[in-house]
Amino acid sequence: MKPISYLSAIVLAFSLQACSSLSTSSTQAVEQLVIAEPLTVHYKSEIALARLSEVLTRADITDDQRAQLFYDRGVIYDSVGLRSLARLDFTRALRLKNDLVDAYNFLGIHLTQNQEFIQAYDQFDSAIELAPDHDYAYLNRGIALYYGGRAELAKEDLTTFHQQQVNDPYRILWLYLAERNVDPKTALANLKLRATQVDDDVWGKEIIRLYAEEISQSAFIDTLTVGVSSSRELADRLCEGYFYLAKYQQFSGNNNAAANYFKLALSTNVYEFVEHRYAKLELQLMRETLVNSPQS
Numbered sequence: 002m003k004p005i006s007y008l009s010a011i012v013l014a015f016s017l018q019a020c021s022s023l024s025t026s027s028t029q030a031v032e033q034l035v036i037a038e039p040l041t042v043h044y045k046s047e048i049a050l051a052r053l054s055e056v057l058t059r060a061d062i063t064d065d066q067r068a069q070l071f072y073d074r075g076v077i078y079d080s081v082g083l084r085s086l087a088r089l090d091f092t093r094a095l096r097l098k099n100d101l102v103d104a105y106n107f108l109g110i111h112l113t114q115n116q117e118f119i120q121a122y123d124q125f126d127s128a129i130e131l132a133p134d135h136d137y138a139y140l141n142r143g144i145a146l147y148y149g150g151r152a153e154l155a156k157e158d159l160t161t162f163h164q165q166q167v168n169d170p171y172r173i174l175w176l177y178l179a180e181r182n183v184d185p186k187t188a189l190a191n192l193k194l195r196a197t198q199v200d201d202d203v204w205g206k207e208i209i210r211l212y213a214e215e216i217s218q219s220a221f222i223d224t225l226t227v228g229v230s231s232s233r234e235l236a237d238r239l240c241e242g243y244f245y246l247a248k249y250q251q252f253s254g255n256n257n258a259a260a261n262y263f264k265l266a267l268s269t270n271v272y273e274f275v276e277h278r279y280a281k282l283e284l285q286l287m288r289e290t291l292v293n294s295p296q297s
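The numbering of the sequence shown is the working numbering, which starts it at 2 and goes up by one.
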C-alpha cells in the first residue's frame, strides 16, 4: 500500500523474473514460498535526480521554486531507498516554504521509522493543520501512534482514515492492528464486520481472511501469485503479503518466523510501500526486545 502517489514521470518498469522458491519452517510445516528478484533503481530515476540537482544549482529560481525542487528530489530519493538524502531535502524544502503539506507528511514517516515519535507527531500535526482532509496524514500519524505505544489515539486516526474508504482492505487492516492492541477479541469481531464491505475479488481481502482464521497460512501463500500479470506486480504483492504474514506470525508468538517474513518483505525493495517502510522498523523493535529481555 502506497501512502501517497509519487512522481508520475518516473516509470518504474522492470524486467524481473519471478520466481524461485525457498523453504522456511513454521511451527507445524515447511511452506514453499514465492520470491521475486528485488527491484532495482530505474535509469529514469537516476536521470531525474541528475536533472533536478542541476536545476537546483541555478541562481535564477525563486525560493518557492527551489523548495518544490527540493521536495521533488526528496520524493525520488525516498522512492529508491535513499532516505537520509530524502529527509535532508524535505527539511530544506520546508525551510524555504513552510506550507508544503506532503513534506511534513514524509518527514513524519521518516521520524517514525527512526522511532523519533514525538517529533513525528509534530510533523503530522502540521500536515493536518494545513490540510485537514489529508487522508494519509491520518494514516501515518495513526501508524506512528501505533508504534509509539498509543493504541487508543492510533485507533482514532486510523478510524478517520478507514471512514474515507470503507471498502479498502488495507485501511481495515491497519485499524485492526491498532484495535488489537486494545482489545483483541473486539478487534477481531470488528475486522470480520468491516470485511463485508470489501469485494471478494480484491486480493487484500485474503489477508483479512487469514487474520479471521478463515484460511490457513498455506492457502494464503497460494494466493500470492493469483491475478499477478507482471513482475512488478509480483514484487508489490509479496511486499504486502509477507509483511502481513509476519504480523500474523507475531500475534502467535512465532517471532523467528515473523522475522523471516519481515525480511522477505524487505527483500522486494518496494521502498515506497508502507509495508516495506515498517518491516524494517518491526525488525528493529524485535532486536531491541531480544536485547532487553532477561537472560535465562
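Even glycine gets a Cβ: it sits at the ideal position worked out from N, Cα and C. Owing to the predicted nature of the structure, the values given are computational and were not obtained by experimental measurement.
Item: Between the CA atoms of D90 and I216 - distance to the nearest angstrom; Value: 44 Å
Item: Contact belief for A213 with L192 at Cβ below 8 Å, rounded distance in angstroms; Value: 6 Å
Item: Same chain, Cβ closer than 6 Å to T224, neighbours up to 5 away in sequence not counted; Value: E207
Item: C-alpha distance - Q218 paired with R210, whole-angstrom precision; Value: 10 Å
Item: Spatially closest choice to E47 from Y243, G82, R88, by CA coordinates; Value: G82
Item: Own chain residues within Cβ distance below 8 Å of D65, not counting five before or after; Value: L97, K98
Item: Backbone CA spacing between L174 and E153 [nearest angstrom]; Value: 16 Å
Item: Within 8 Å, strictly: CB atoms of L101 and A68; Value: yes
Item: Straight-line gap, A37 to F118 (C-alpha atoms, nearest Å); Value: 33 Å
Item: Alpha helix (DSSP H) runs contained entirely in the segment 230 to 281, provided each spans 4 or more residues; Value: 232 to 252, 256 to 268
Item: 6 Å CB neighbourhood of L140 in its chain, flanking five on each side removed; Value: F162
Item: Beta-carbon gap between L50 and R74 smaller than 8 Å; Value: yes
Item: Straight-line Cα distance separating Y148 from V167; Value: 23 Å
Item: Alpha carbon of S253 to alpha carbon of L131, nearest angstrom; Value: 41 Å
Item: Beta-carbon separation (whole angstroms), D237 vs F274, contact threshold 8 Å; Value: 7 Å
Item: Residue from A266, G242, A60, K281 with nearest C-alpha to N115; Value: K281
Item: Selection from R278, V271, A266, A260 that minimises the alpha carbon distance to L291; Value: A260
Item: Q69 beta carbon near the ligand NAP (any heavy atom closer than 7 Å); Value: Among the ligands in the structure shown, none appear at all, so the ligand NAP cannot be discussed.
Item: Option nearest L265 by Cα separation, candidates Y272, N257, F244; Value: F244
Item: Counterpart residues of L112 in DSSP-defined beta bridges; Value: Looking at the DSSP assignment, L112 forms no beta bridge with any residue, so it has no partner.
Item: Coarse secondary structure for Q29, derived from DSSP in three states; Value: Caution applies to Q29, whose pLDDT of 41 falls short of 50 and renders its modelled position unreliable; the value that the coordinates give is listed next. Looking at Q29 - three-state DSSP - the assignment turns out to be coil, as it is neither helix nor strand.
Item: Pair within 8 Å by beta-carbon distance, A138 and N106; Value: yes
Item: Alpha helix (DSSP H) segment containing R181, residue limits; Value: 170 to 181
Item: C-alpha gap between L57 and N257, whole angstroms; Value: 46 Å
Item: Outcome for L194 when other beta-carbon atoms lying within 10 angstroms are tallied against a minimum of 16; Value: exposed
Item: Buried or exposed (CB count within 10 angstroms, at least 16 for buried), Q18; Value: At Q18, the pLDDT of 30 sits below 50, so the modelled position is not reliable; the number obtained from the coordinates is stated separately. It is exposed - the Cβ of Q18 has fewer than 16 other Cβ atoms within 10 Å.
Item: C-alpha distance - N164 paired with S230, whole-angstrom precision; Value: Before going on, a small fix: residue 164 reads as Gln here, not Asn. So the two alpha carbons sit approximately 31 Å from each other.
Item: For V271 and C240, believed in contact at Cβ under 8 Å, the rounded distance; Value: 4 Å
Item: Alpha carbon of A145 to alpha carbon of S80, nearest angstrom; Value: 20 Å
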